[in-house]
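In the working numbering, the protein residues as written are 15 to 125.
Every residue, glycine too, gets a C-beta built ideally from N, C-alpha and C.
See below for the structure under consideration.
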């Protein structure tokens with residue numbers, strides 16, 4: 015992996031409920047016993063396939079060096095972890111809204 019940063023998309027409305035006790039526990043962890051994090055190059059396509067037309071989302075920037083467990087890359091190119099993410103590993107959250115056509119145009123420069 016060329017960067018220690020991975021990304022996660024979550025509803026801004028749910029953010030405070032998902033981060034209680036210093037741990038980020040999204041619905042995916044409760045329902046599927048895993049959290050799937052995105053590398054930078056997959057963020058835009060993932061947003062457009064899963065969240066087209068949505069508004070009021072957060073793009074979370076996760077520093078894996080601050081996590082207790084290291085996510086493992088799966089065959090879909092996502093990084094999976096089976097535990098909550100410490101809130102201290104989330105460096106920032108960026109609010110996202112789709113454009114008028116319902117699409118996202120997110121480009122992440124990792125230089």
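Discussion item. At the level of alpha carbons, what is the spacing between residue 68 and residue 114?
Written reply: 10 Å
Handout entry: Nearest neighbour of residue 61, chosen from 22, 18, 123, 17 [CA to CA]
Key = Residue 61 has its Cα closest to that of 22, out of 22, 18, 123, 17.
Grouping DSSP H, G and I as helix and E and B as strand, with all else coil, what is residue 84? coil
Can you tell me the Cβ-Cβ gap for residue 102 and residue 20, rounded? I've got them flagged as a contact below 8 Å.
Actually they are not in contact, since the Cβ atoms of residue 102 and residue 20 sit about 15 Å apart, beyond 8 Å.
Residue 100 bridges to which residues according to DSSP?
Residue pairing from DSSP places residue 100 in a beta bridge opposite 37.
task: Using beta-carbon positions only, say whether residue 66 and residue 117 come within less than 9 Å of one another.
output: yes
Check your understanding: Taking C-alpha atoms, which residue in 26, 92, 83, 96 lies nearest to residue 56?
Key -> 92
* Strand pairing of residue 108, partner residues [DSSP] -> 73
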